[in-house]
Structure formats: structure tokens, C-alpha cells
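> Residue numbers (UniProt numbering): 1 to 488.
#1: So, at 7 Å on beta carbons, what are the nonlocal neighbours of residue 307 in its own chain, with the 5 sequence-adjacent residues on each side left out?
#2: Check whether the region 33-48 touches the region 239-248, counting contact only when three or more Cβ pairs, one atom from each stretch, lie closer than 8 Å.
#3: Would you kindly report the start and end of the unbroken alpha helix (DSSP H) that includes residue 233?
#4: Measuring alpha carbon to alpha carbon, tell me which of 390, 228 and 91 ends up nearest residue 32.
#5: Which residues in the same chain have their Cβ closer than 6 Å to the Cβ of residue 336, if we skip the five residues on either side of it in sequence?
#6: Given a cut-off of 8 Å on the beta-carbon distance, is the pair residue 338 and residue 327 in contact?
#7: Roughly how many angstroms lie between the CA atoms of residue 16 and residue 475, to the nearest whole one?
#8: Pairing CB atoms from the region 381-388 with CB atoms from the region 443-463, are three or more of them under 8 Å?
#9: Tell me the DSSP bridge mates of residue 254?
#10: Please go through the region 8-79 and give each complete beta strand (DSSP E) segment of 3 or more residues, from N-terminal end onward.
#11: Less than 6 Å between C-beta atoms, sequence neighbours within five positions excluded: which residues of the same chain meet that for residue 437?
#12: Determine, using beta carbons only, whether residue 215 and residue 350 come nearer to each other than 8 Å.
#13: Give the straight-line distance between the Cα atoms of residue 39 and residue 322, rounded to the nearest whole angstrom.
#14: Might you give, ordered along the chain, the residues of its own chain that have their beta carbon closer than 6 Å to the beta carbon of residue 220, omitting 5 neighbours on each side?
#15: Regarding residue 50 and the ligand GDP, is the C-beta to nearest heavy atom distance less than 7 Å?
#16: In whole angstroms, what is the alpha-carbon distance linking residue 417 and residue 295?
#17: Helix, strand or coil: which one does DSSP assign to residue 385?
#18: Looking at residue 410: is its Cβ nearer than 8 Å to the Cβ of residue 361?
#19: Give the single residue among 249, 448 and 441 whose Cα lies nearest to the Cα of residue 110.
#20: Nearest-angstrom Cα distance between residue 3 and residue 120?
#21: Cβ of residue 369 within 8 Å of Cβ of residue 413?
#22: Cα separation between residue 13 and residue 347?
#23: Give every residue of the same chain whose Cβ lies closer than 6 Å to the Cβ of residue 73, excluding the five residues on either side of it in the sequence, and list them in chain order.
#24: Is it buried or exposed, residue 325, if we count other Cβ atoms within 10 angstroms and call 16 or more buried?
#25: Suppose contacts are defined by Cβ-Cβ distances below 8 Å. Is residue 99 in contact with residue 89 by that definition?
#26: By Cβ distance, which residues of its chain are closer than 6 Å to residue 236, with the 5 residues on each side in sequence left out?
#27: For the alpha helix (DSSP H) that contains residue 305, what are its first and last residues?
#28: Can you tell me the Cα-Cα spacing of residue 104 and residue 77, whole angstroms?
#29: With distances taken from CA atoms, which of 397, 467, 23 and 408 is nearest residue 359?
#30: For residue 67 versus residue 252, is the C-beta distance shorter than 8 Å?
#31: Between residue 392 and residue 28, what straight-line distance do the alpha-carbon atoms span, to the nearest angstrom?
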């Protein structure tokens with residue numbers, strides 16, 4: 001249990017730091033009287049490098065001792081985040097943006113990268129049963145496109161498979177590294193099982209819970225520390241949390257690998273970041289082709305429609321933290337009030353993840369996805385019309401809940417409609433594109449210079465456009481006349 005406890009502590013530390021960094025940087029930019037675009041660019045710089053997730057996954061697969069690379073990434077994240085915070089407002093804006101981008105490049109290893117070593121943790125058989133949670137992340141993503149979403153992408157496993165997948169279109173499942181949970185029930189009864197032991201499934205459940213806790217506690221810590229000591233101290237504390245997570249990772253007892261202190265070297269991990277590490281015996285490199293993944297997403301009609309919903313919806317998700325800081329300040333007079341809106345959003349996401357785990361969604365995944373995204377567009381528009389701060393807080397909580405449930409539906413759709421030999425391509429490509437669109441949304445929201453309600457209405461329009469586009473695609477490709485390569 002000691003090893004699992006250290007793992008869970010490290011996971012909450014690094015994932016909380018990753019989620020809280022977005023809020024902390026936005027508050028710091030406002031405190032330093034930076035242009036509105038600067039905050040959006042900082043968030044975009046933190047998110048966009050997650051596109052490197054597939055490459056980092058291959059490096060992690062090749063590493064002789066993955067603790068080296070993980071620890072180096074967490075130390076690099078903390079140092080780069082602190083450097084960016086200290087430089088903001090004192091050096092040209094390009095300097096903090098570059099530093100934050102360097103931190104973002106380490107981001108995929110804070111999420112799916114860490115999850116990939118859980119199966120080798122020597123003490124997982126002693127794991128107690130976890131509380132319900134449905135949050136998972138991918139090696140190529142950020143928080144639902146943003147950092148305070150509470151629901152995130154499925155992590156590819158260390159052998160190139162996805163940690164969230166579905167064996168067929170009839171019953172959509174999410175598997176967190178082997179822990180299979182029914183999320184959407186379809187009309188057929190076909191489903192595949194899992195070879196994991198009960199203890200292994202429990203440990204995966206605990207791992208999933210760390211995402212929800214981190215995605216809620218990180219922004220909450222950033223907001224509360226800002227109120228107590230200022231935004232710079234808040235970001236520095238988050239950086240220290242990432243450093244502490246790196247130290248804990250070095251102590252994890254992984255089966256089949258050296259665990260003595262003399263065998264652990266940060267230098268070895270840093271070397272893997274800049275050059276190809278030697279292959280472990282019996283390990284094959286697994287590379288996910290972006291072109292092949294795009295081809296599958298475009299050719300198969302249900303996947304194409306779900307991808308349109310996901311990508312245009314991600315623009316809103318990436319913009320929401322930027323909008324929240326501005327909107328909260330307008331309603332309540334302080335930037336910290338905007339951070340509280342982000343915390344409410346994260347809390348709603350955590351609740352939504354738990355709800356869909358206990359009470360699975362019913363229906364066809366594609367139809368569910370479209371309906372839930374339409375509900376998100378309507379809820380976003382209503383938030384823009386909030387007459388007071390309390391109503392806005394409740395509205396952002398509802399948005400978070402809808403995001404978690406709609407995200408569950410998109411995972412189910414990908415697993416249900418992806419061809420058997422392209423699961424990894426579909427999940428990783430979708431995740432990378434989603435993060436890129438979220439980064440674009442954050443940058444656009446920062447550059448827009450509009451008031452909060454106007455930006456919320458624009459975000460609602462973007463998500464609504466996604467629903468319309470998906471519906472038009474379904475009308476153009478009516479049932480019974482699929483295009484070549486389509487799977488309905």
C-alpha cells in the first residue's frame with residue numbers, strides 16, 4: 001500500500017499543479033496589468049505542446065526505467081512554470097510564453113504518462129476500493145481541452161494501446177488501464193472483459209479519482225493562494241508541487257526494474273527528453289500516425305460528426321478559463337472571483353464524472369453526444385445572461401457537469417465507431433486535435449478584448465455551430481447511403 005499511496009500523492013500533486021497553472025497564470029497576468037491577449041497566449045502556450053504526446057509516449061516506452069523520464073519531466077515542468085511566472089511583466093512577453101510552453105511540453109507525462117506505470121507498481125494488489133470517478137486523461141491532452149475541465153482524454157497505454165476504448169459499437173465502455181466501466185449502454189449486449197485482477201481495477205479507479213481531485217483542487221488552490229498571498233506566490237506553490245511529485249515518482253517500487261537510489265538518475269531522464277533512449281529488451285516502438293488517424297476520422301461518418309462536435313466544442317472549453325476570469329471580475333470586482341467560477345466548473349465536472357460512472361448514460365453514443373453538446377451551448381448562453389455572481393457560479397457548475405457527461409459520450413462514440421485496428425489512432429489523434437483547438441480558443445478569448453457576456457455568447461455560438469454542422473453532415477449522408485469508407 002505504501003507504493004500506491006506514494007503514487008496517488010504524486011498524481012494529485014502534479015495533476016493539481018497542471019490544472020491550477022491555467023488559473024494562476026491568468027490571475028498573474030491580470031495582476032501584472034498585462035494586455036488581455038497575454039493571458040490567452042499563456043494558456044495556449046501551456047496547452048498546445050500536448051500535441052507532442054504521441055512522441056513522448058514512444059520515448060516513455062523506450063526508456064529503461066521510466067521513473068527517470070517522469071521525474072525529469074515533473075522537475076522541468078516546475079522549473080519552467082516558475083521561470084515563466086517570475087519573468088511575466090519584467091521581461092518581454094515572449095520570454096514567459098516560451099517558458100510556459102516548455103512546461104506545457106512536459107504536460108503529457110503528468111497525465112497519461114504517469115498512469116502508464118501504474119500496472120508495474122508492486123503494491124497495487126493491496127489497493128482498497130475507490131470512490132466512483134470517471135475522469136481519465138490522455139498522453140496527448142489537457143484538461144477537456146482546457147485545464148479546469150474535470151474530464152479529460154483517455155491515456156494510451158505504454159504499448160501503444162489506448163487506456164480508454166470500446167470493443168464494439170454495441171456497448172460503449174471506458175477502460176482506465178484495464179479497469180472497465182460501463183459508461184453508455186447501447187442496444188446490444190456484446191462487451192469484452194478485462195484481464196486485470198480486482199486489485200488492479202481498484203488501483204485504476206483510484207488513479208482516475210486523482211484526475212478529478214487534481215482538476216478541482218488545483219484551480220481552488222490557485223484562487224485561495226492568490227487571495228492570501230498574491231498570484232505569483234500561487235503559481236510558485238504549484239511549481240513546487242510539481243517538483244515534489246517528481247521526487248515521489250523516483251521512489252515508486254516498479255516491478256521488474258531497479259528501485260535502489262543509486263539506479264535512479266534525473267540526468268538519465270533529461271537525456272531521454274533530448275535524444276532517443278535505448279529500447280528495453282522485448283519492447284517495440286509504437287508510433288501513431290497523425291495522417292492515418294485523420295483519415296479514419298474523416299472517412300467514417302459517425303466519427304467525423306463526433307470529431308466536428310469535439311473540435312468546435314473544444315474552442316469553448318479552452319476559452320472558458322480566460323472568459324471566467326474576466327466575467328467574474330465584471331460581476332464581483334476581483335480577478336479571484338473569476339477563478340472561483342473556474343473552481344465551480346471543475347466541481348461540476350467532478351460531479352458529472354461520478355454520476356455517469358454510477359448511472360451510465362443510455363442510448364446511441366453519437367446521438368447522445370449531439371444532444372449533450374446542444375445542452376452545453378444553451379447553458380453557456382444562459383451563463384452570459386446571469387444577473388448576478390451567484391447565478392454565474394451555479395451556471396458554471398452546470399457547464400462543468402454537462403462537459404463531463406458530453407465527454408463521456410464522445411469517448412463512447414470513439415470506442416464504438418473506431419475500426420478494430422485503429423483505436424490508438426482515433427483516440428490519440430482526436431486528443432491532440434482537441435488540445436490544439438482548445439489552445440486556439442484560449443488565445444482567441446484573450447485577444448478578443450470583449451466583455452465576459454459577449455465572449456460567452458460567442459463560445460455558445462461556436463458549440464451550437466458544431467451541433468448544426470454535425471446534423472447537416474448526417475442529412476448529407478442519409479442512412480442507407482454511406483460514402484465509401486463510412487461506418488454507420
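Here a beta-carbon is modelled for each residue, glycine too, at the ideal position from N, C-alpha and C.
Computed from a predicted model, the values in this text were never measured in an experiment.
Well, looking at it:
#1: Excluding sequence neighbours, residue 307 sits near 297 and 430.
#2: no
#3: 231-250
#4: It is 91.
#5: Residues 223, 226 and 227 of the same chain have their beta carbon placed closer than 6 Å to that of residue 336, with the five preceding and five following residues left out of the count.
#6: yes
#7: 43 Å
#8: Taking 8 Å as the limit for Cβ pairs, the verdict is that the region 443-463 does touch the region 381-388.
#9: 121
#10: Qualifying beta strand (DSSP E) stretches: none in this window.
#11: Setting aside the 5 residues that flank it on each side, residue 437 is surrounded in the same chain by 311, 314 and 315, each with a C-beta closer than 6 Å to its C-beta; the list follows chain order.
#12: yes
#13: 7 Å
#14: 343
#15: The ligand GDP is absent from the structure shown, which contains no ligands of any kind.
#16: 14 Å
#17: coil
#18: no
#19: 249
#20: 11 Å
#21: yes
#22: Between residue 13 and residue 347, the C-alpha separation is close to 18 Å.
#23: Excluding sequence positions up to five before and after residue 73, its CB lies within less than 6 Å of the CB of 106 and 109, all in the same chain and listed in chain order.
#24: buried
#25: no
#26: 82
#27: Counting along the chain, residue 305 sits inside the alpha helix (DSSP H) bounded by residues 301-332.
#28: 7 Å
#29: 408
#30: yes
#31: 22 Å
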